[in-house]
Structures are given as C-alpha cells and as structure tokens.
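Chemist: Protein chains in written order, with the working numbering: chain A, 1 to 367; chain B, 1001 to 1290. C-beta atoms are modelled at their ideal positions from N, C-alpha and C, and glycine is treated no differently.
#1: With the cut-off set at 8 angstroms, would you say residue 1156 of chain B and residue 1039 of chain B are in Cβ contact?
#2: Inspect the beta-carbon positions of residue 1068 of chain B and residue 1059 of chain B and report whether they are closer than 8 angstroms.
#3: Need the endpoints of the alpha helix (DSSP H) that residue 1155 of chain B sits in, please.
#4: For the region 53 to 105 of chain A, which segments carrying the alpha helix (DSSP H) assignment without a break, of at least 4 residues, lie completely within its bounds, in sequence order?
#5: Could you spell out where the alpha helix (DSSP H) holding residue 1242 of chain B opens and where it closes?
#6: Tell me whether residue 1255 of chain B is buried or exposed, calling it buried when 16 or more other Cβ atoms sit within 10 Å of its Cβ.
#7: Does residue 1095 of chain B have its Cβ less than 8 angstroms from a Cβ in chain A?
#8: Which residues bound the beta strand (DSSP E) around residue 1132 of chain B?
#9: Flag residue 1274 of chain B as yes if its beta-carbon sits less than 8 angstroms from any beta-carbon of chain A, otherwise no.
#10: Under the rule that 16 or more other beta-carbon atoms within 10 Å means buried, what is residue 1188 of chain B, buried or exposed?
#11: For residue 52 of chain A, is the classification buried or exposed, using 16 other Cβ atoms within 10 angstroms of its Cβ as the cut-off for buried?
#12: Whole angstroms are fine: how far does the CA of residue 1019 of chain B sit from the CA of residue 151 of chain A?
#13: Secondary structure at residue 1140 of chain B, three-state DSSP: helix, strand or coil?
#14: Look up residue 191 of chain A in the DSSP assignment and give the residues it is bridged to.
#15: Checking 8 angstroms against the spacing of the C-beta atoms, do residue 1016 of chain B and residue 1252 of chain B come in under that value?
#16: Just to confirm, is the Cβ distance from residue 1286 of chain B to residue 1237 of chain B under 8 angstroms?
#17: Quick check on residue 305 of chain A: does DSSP put it in helix, strand or coil?
#18: What does residue 1227 of chain B touch in chain A if you count any residue whose Cβ is under 9 angstroms from its own?
#19: Sort A:293, A:310 and A:330 by Cα distance to residue 1096 of chain B and report the nearest one.
#20: So, under 8 angstroms CB-CB, residue 319 of chain A and residue 313 of chain A are touching, yes? Tell me the CB distance rounded to an integer number of Å.
#21: Count the other CB atoms within 10 Å of the CB of residue 1047 of chain B; is the residue buried (16 or more) or exposed (fewer)?
#22: Any C-beta of chain B within less than 7 angstroms: which residues of the region 324 to 353 of chain A qualify?
#23: So, at 6 angstroms on beta carbons, what are the nonlocal neighbours of residue 120 of chain A in its own chain, with the 5 sequence-adjacent residues on each side left out?
#24: Tell me whether the beta-carbon of residue 82 of chain A lies closer than 8 angstroms to the beta-carbon of residue 285 of chain A.
#25: Note down, in chain order, each residue of its chain lying with its Cβ closer than 8 angstroms to the Cβ of residue 1116 of chain B, except the 5 sequence neighbours on either side.
#26: Look up residue 1085 of chain B in the DSSP assignment and say whether it is helix, strand or coil.
#27: Whole-angstrom Cβ separation of residue 1235 of chain B and residue 1221 of chain B, contact assumed at under 8 angstroms?
#28: Give the DSSP-derived three-state secondary structure of residue 31 of chain A in the structure shown.
#29: State the CB to CB distance for the pair residue 103 of chain A and residue 261 of chain A, rounded to an integer number of angstroms; the pair is presumed to be in contact (CB under 8 angstroms).
#30: Strictly under 8 angstroms for the Cβ-Cβ distance: is residue 135 of chain A near chain B by that measure?
#31: Check the C-beta distance from residue 298 of chain A over to residue 73 of chain A and give it rounded, since I have them as a contact under 8 angstroms.
#32: Between the region 77 to 97 of chain A and the region 242 to 258 of chain A, are three or more C-beta pairs nearer than 8 angstroms?
#33: List, from N- to C-terminal side, the alpha helix (DSSP H) runs of 4 residues or more that fit wholly inside the region 211 to 282 of chain A.
#34: Report the option in A:107, A:153 and A:48 whose CA atom is closest to the CA atom of residue 132 of chain A.
#35: Quick one: any contact between the region 316 to 336 of chain A and the region 143 to 158 of chain A, if contact means 3 or more CB pairs under 8 angstroms?
#36: Could you please give the first and the last residue of the uninterrupted alpha helix (DSSP H) stretch that includes residue 343 of chain A?
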C-alpha cells in the first residue's frame, strides 16, 4: 500500500468525488511503468529487462528442443494477449471479461479469409484479423462504455458470449467443431509461417512490436490521459478531456492487439474452435494480469510466463508424479491462493513489498 | 403451440427462474454487501448437488429434513470458508478476490473429483414426489418440478421476511446500500460479512440440492450455471433481492421460450437481454434514475 501514498501527478479531489470513481474496481492511483521514474523517461531497468529478455528468447531455437520452443511460443502469444488487456484493465481501469471474443474473432478471420487453396498473404490476413477484431471492439466498446465497474465487466462478458454462441451454434465457422486452416500464410519469398523457426521469429517480433507500441503509448499524452481516467475520470472530464473517446480508442486498440494474438494462435494450430471465445479464456487472461500485477506492462508478461509455466509444471507427470499431475488444478489452485494471500500487488510488486515490509505492515494496521 | 403446451412451458420457465433466484439472491448479497465478485458461487451449487447425492440414501423419504441438514452443513462450511480465505482480503483490490475465488473453483473441482470421482450421477426424488399431475386432457406435469417451484417460493418468502422484517435484515439492507456508513455506525461488519457469505453459500447449496433430482449431478455443473447467475444479478441490479427475483424470472422465460422458438440461436437470448437492459439502464433494473 506504500505506493498509493506516494505523491502522484493526479491527486484525488479532497471532497465530493470518491477516489475509486475511475471504475473497474481499481481503487486509488497506482504507479505505471511510465510514471515510475521521476524524470518521465524510462528507467534503466525498465528498458534493459525487456531487451535482454527478448535477446535471450531469440536464441531459443538454436539451443533448445522443440518442446521448449513450443512452450515459449505459447507464452509469447499469451503475453501479447495479456498485454492487450493490460492496456484496458491496468492502464485505463476498464476491466473486461470478454476479451477472448477479440482473440477468437481475429483467429476465425485468419482462417475464414484465407484462400481455400494455396497460401494466403501474411500481411493481408494479419491486417484483416486485427481489423475485424477492432471493428467488433468498436461496436462493443461504443455500447458497453456507457456502463462502469462491475456492470462494464458484465456487458463485455455478454457481448463475448453472444459472439461465442454465434460461432458455436451457426455454420459460419464449422459450428462447435471449429474449422481448419489448410495452408499457412506466407510472405512471398521472405517468410513461410509453416516453418517452425520462421513462426517463432514472427511471434517474437509481434510481441516486441506490441510491447514497444504500448510502452511508447503509455509515455505519450494519450497514455497519460488513460492513466488519468483510471485514477479519476470525473476530474479528467473537468479538465476538458472527452474521456469517452479516449476509452473507446483504448478499447479498439486492445481489441486489435487481441486480434493479433488470435491470428498467431490460428496460424500456429492451423485450427480454431469456438472455445477460444469462451468466458474461461477471458477469465484466464485476466488472472494472468492480476497474478503478474495490474498496471505494469512487465506484469502482464510476467503473469503470462508464470501462469503458463505453473500449469505446465503441475500437469507434467515426469516432474510431479502421475497422481499430482492428474489433479494439476488442485496444485495450481492452492498455489494461486498462496500468491493472493501473500502478494497484494502481484508478482511485479514482490521486490518492493520485500524491501518495504515493515512500513507496509504499519499502514495495513492503520486501515 | 396449444394452450396446454404453452402452460407447461410457462411452468418450466417459472421453475427455472425460481431456482436461478435462489442462486442469484446469495450471489447478489455477497456482491452487494461484501463487494466480492464470487466466481466460486457455482461451486457451492455443485456442492449442494453432491450433498444431495451423498445424503439422499441416508435420509430416504425424509427429503425435507435432508434439505435442512444440507443447508445447515453448507452454512457452517460457508462460515469457515469466509474466515479462512476472505476475511483478510477486503482491504485489497477487488480483483485480488476474483483471483482467490477462481483458485477456489479449481480446488473445489479437484476435491470433488478426488472424493466422489468424475462419473455422472443421478439423484432419485423421494417416492412421494415422483408422480405426475395431469394437465389438460393428454398432458401431465411431473410433481417434483412443482415441488421445486414451491420449495423455492417458500425459501424466497422466508428470505424476504428475514431481510425486510428483522434486525439482521436491516443491517444487510443498509450494508447493500452503503457499506462504509454501516461500518461507521459501529455495526460489527466482520460478523455481518461472515453471516451473509455463509447464507449465500447455503442458498446456493439449497438450489443445488433441489436441482439435483431434476438434472443429473456431474462434474463442471457449477461453471455452466455461474455465468447465468451473474447475468441475473447484473440485470436485477447489484445488491437488490427484488431485482434478482424479477431478473431471474425474466431470464427463465427468455431462456425457456428462446429454446422453443429459436432453437438455433437460443444461447444468445439471455445475453442479448442483459446487453439491452444494461444499455437502457446502466445500473440494472432495481436502481431507478441512478
């Protein structure tokens, strides 16, 4: 809780406006990556960690086996998905429980728009995937941003469920069986996503681009406006910002980035089914964010890594034995409970929590 | 569709709606008073169904006694659960509680799998409820469905009485409309939270026990009902029991008749209903002009 006491650029109004008015259940201001360093520029750690991480991941195909490579790809795609939601939930304070709809629509578009015979173009399909997810996000966002807080969570869920049932119950995308992507897309002469290493590099590039885009965005005027909306929307409106437009722009961008993750999943698996749009998927990605720590880009990536690795670890018979592996949800559930009980700020807040332990306890007693 | 079929569908809709109300009333109280988005509510429904499965052979024809015992057991369970997992989370961000309840779903599912296994079970309704009641000239209606509706109505009336006519109910209503003020007035909010949570668990378990003979008892049954419960709570307006009643009946009718008329797209119906209502009235039915 120590961070919330630190002076921030946007102070809550002393009277009248409840501090949690920014909605989404996110009470009080939180430091984002962008606001973490006093000078306004990125701190050394915030720049170095992602770059070093990326460099390490880039050498994986040369040193690791196929299993590890597939695992990394899985994490990379989930990290893009988590980052797209982070822009909404962590930065703007708009917690959506329907984000998987955009993932699914992106994936279905990649399959449905691909030519029946021969390979489609990566550029065309990727843009179509992101555009269709963005269009649905524009529609959903325009309507659901009228509500706030828990009601917003539920309206986004409602629209995602509608999309789920449309793919599940009609013949557009093969119904509940899903649909296959026959030939993986290519960039003529340059890139064939059928190739394992090529796809690995492409996914990694997509993650780097997403992370970079969001990092730049958070430092821009637009990003600061979004953070202001999270902290106190009423005040932003009083300061002359048309907050609805900002929120809608964030929603559409988040939808498009989720569409990018969906495109990658469709190409990786060569197959999509309606379960990609199910609410459990939206729930899982939200959990990754909370686990990692809301309000930090690194937290989203960390959450995706830890969640996927834990799941993989607990479900692997070789490491934990057949009895435990058969009941991996139990160990995963108990681990999450332990995380929640001991880490109020998520994994990303752990170092600060350890450093400031005495003071944090003191403040908790005050409340 | 002739009149008798229509009537039967109406009865089905009401019965489904009332069952949803039992579930949703607990959820809306936990939601409105404690501010906890309880994803594990479906698990308590599953708990009730499995309670009915394991208690039914012990009680034989004493179905009502079994319901009461089951409700009592689940109340105690809920009381302990709140103490063990939620009591220290109220100062935190709400999303932390969401994460906790999600973890509890995983744990409950696995415990169920370890204790009872993954088979689909049926629960036999007691002999005095297994018959059918003639309706019109050719149609009949199962007695147990009528019993289920009646039981839900009795519980709903009891709930109405407790909430509107007792001191505890007054605290509950006050807590739903302004939590901080209740705390400010010196009411033991910790105890109130614990009782509300336990009551919510007991109501969900009751719904599960009543539903067990109607549907089979199967793994994952909590997940499918959870989202529909949230739909009901949000349509009704968070924290409002009356709102939950109206919303659950609406959802019951939309779902039942959606399946009759638009079998192809019946899944969309209730979500469309929710989206329309929330866009028309962003805080649910119960909060006028808010």
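Modeler: Checking against the coordinates, here is how it stands:
#1: Note that the C-beta distance between residue 1156 of chain B and residue 1039 of chain B is not below 8 angstroms.
#2: no
#3: 1143 to 1165
#4: Runs of the alpha helix (DSSP H) inside the region 53 to 105 of chain A: 60 to 63 and 66 to 86.
#5: 1241 to 1261
#6: Under this definition residue 1255 of chain B is a buried residue.
#7: yes
#8: 1132 to 1135
#9: Residue 1274 of chain B counts as touching chain A.
#10: By the Cβ neighbour-count rule, residue 1188 of chain B is exposed, with fewer than 16 other Cβ atoms within 10 Å of its own.
#11: Classification for residue 52 of chain A: exposed.
#12: Take the alpha-carbon of residue 151 of chain A and the one of residue 1019 of chain B: they are about 23 angstroms apart.
#13: strand
#14: A:187
#15: yes
#16: yes
#17: Reduced to three states, the DSSP call for residue 305 of chain A is helix.
#18: 157, 161 and 279
#19: In this structure, A:293 is the residue among A:293, A:310 and A:330 with its C-alpha nearest to the C-alpha of residue 1096 of chain B.
#20: Contact holds; Cβ gap of about 6 angstroms.
#21: buried
#22: 327, 329, 330, 332, 333, 334, 336, 337, 340 and 344
#23: 114 and 185
#24: Yes. Within cutoff.
#25: Taking residue 1116 of chain B as the centre and dropping the five residues before and after it, the same chain places the C-beta of 1050, 1053 and 1054 closer than 8 angstroms to its C-beta, in chain order.
#26: helix
#27: 22 angstroms between Cβ atoms; not a contact.
#28: For residue 31 of chain A, the pLDDT reaches just 42, beneath the cut-off of 50, and the residue's location in the model is therefore unreliable, although a value from the coordinates is still provided. Residue 31 of chain A falls in the coil class under three-state DSSP.
#29: 6 angstroms
#30: no
#31: Incorrect: roughly 20 angstroms between the Cβ atoms, too far for contact.
#32: yes
#33: 221 to 238 and 243 to 269
#34: A:107
#35: Short answer: they don't touch.
#36: Secondary structure note for residue 343 of chain A: it is in no alpha helix (DSSP H), with a DSSP letter that is neither H nor E.
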